[in-house]
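In this note's numbering, the protein residues as written are 13 to 139. The C-beta atom is built at its ideal place from N, Cα and C for all residues, glycine as well. Please read the structure below before turning to the comments.
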Amino acid sequence: MAEFIDKVLKIIEEAELLFGPRDRSYELLPPRISECGYRAALLAVSPILAKNKFVIKELRARQPHLSKIDETLLVEVAGIEPEQARILCADFESSWLVPSSWSEYATQGKQLFSEGFRSIWDEWKSG
């Protein structure tokens with residue numbers, strides 16, 4: 013797990029150099045992965061990224077703090093429907109299920125998170 017955290021911190025450091033500092037009013041915690049929350053987030057964001065892979069970069073140009081991006085900005089910048097923006101601004105954690113076995117989800121979740129984050133990072137780097 014320590015190796016994973018080191019990799020994530022390195023990726024975040026590289027992202028801050030390119031896109032500016034993150035909002036430090038929020039503490040970075042180890043990822044908590046569950047099937048429900050992951051599927052909900054992935055389903056909500058996939059169509060937006062498919063239309064414009066740089067939408068996050070464009071949103072950050074208007075609002076540098078990801079935690080402060082709201083429904084109105086999502087509709088305006090990403091060109092999505094208000095209902096979809098409401099879903100993306102919702103608290104995904106409240107829809108998460110408690111995993112039956114943490115070790116099962118931690119192993120799978122670590123890999124999914126790492127691959128997903130690296131994929132997005134590689135897209136931004138090449139763009």
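- Closest in alpha carbon position to E39, among A62, A97, S58, I24, is I24.
- Excluding its 5 nearest sequence neighbours in each direction, W136 has C-beta neighbours in its own chain below 7 Å: K69, listed in chain order.
- Taking a contact to require three or more Cβ pairs closer than 8 Å, the region 69-79 and the region 93-104 do not qualify as touching.
- With respect to the 7 Å criterion, V57 and A90 are not classified as neighbours on the basis of their beta carbons.
- The continuous alpha helix (DSSP H) containing I17 extends over residues 14-31.
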